[in-house]
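Numbering (my numbering), first residue to last: 5 to 118.
Built from N, CA and C at the ideal position, the CB exists for glycine as well.
These figures come from a predicted structure and were not determined experimentally.
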Ligand SMILES: [Zn+2]
Ligand SMILES: [Zn+2]
């Protein structure tokens, strides 16, 4: 899928409050599996602290909502340097990476921010 198309698709989903559809799409499911495999199913955040934990989620460093064009990119470039855009993480670390998640109960729509 090209970037233009990806961006307009994601924006459309956000307007309809159906961003979850992106996470259920074959594009994302495939990429997620690939990333998990490449990063050996190890939580990259836990690794920073010398812990090995099984990762079951892939986090977007550049949030999908803010950067829809990067939604399917493994890397992004910032000031001429390449960084990982997709990181394998465990649930616990993923929660920490999404502080807005704690408001989930009051605002059910936030669930779609994942
Ligand atoms: Zn972790
Ligand atoms: Zn995330």
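Could you compute how far the alpha carbon of residue i sits from the alpha carbon of residue j?
i: residue 98; j: residue 64; result: 10 Å
i: residue 101; j: residue 77; result: 19 Å
i: residue 57; j: residue 42; result: 15 Å
What residue range is occupied by the uninterrupted alpha helix (DSSP H) comprising residue i?
i: residue 39; result: 30-42
i: residue 51; result: 48-52
i: residue 78; result: Counting along the chain, residue 78 falls outside any alpha helix (DSSP H), and DSSP gives it neither H nor E.
i: residue 1; result: Lying outside 5 to 118, the shown extent of the chain, residue 1 is not represented and no answer is given.
i: residue 7; result: 7-19
Taking 8 Å as the CB-CB limit, is residue i close to chain B?
i: residue 54; result: Among the chains in the structure shown there is no chain B, since it carries only a single protein chain.
Tell me whether the beta-carbon of residue i lies closer than 8 Å to the beta-carbon of residue j.
i: residue 81; j: residue 49; result: no
i: residue 1; j: residue 39; result: Residue 1 is absent from the model: the chain starts at 5 and stops at 118.
Does the beta-carbon of residue i, which I'm using as the reference point, lie nearer than 7 Å to any heavy atom of ligand 2?
i: residue 35; result: no
Relative to the C-alpha of residue i, which candidate in the options has its C-alpha closest?
i: residue 2; options: 68, 83 and 88; result: There is simply no residue 2 to check, as the chain begins at 5 and stops at 118 in what is shown.
So is the beta-carbon of residue i under 7 Å away from any non-hydrogen atom of ligand 1?
i: residue 61; result: no
i: residue 39; result: no
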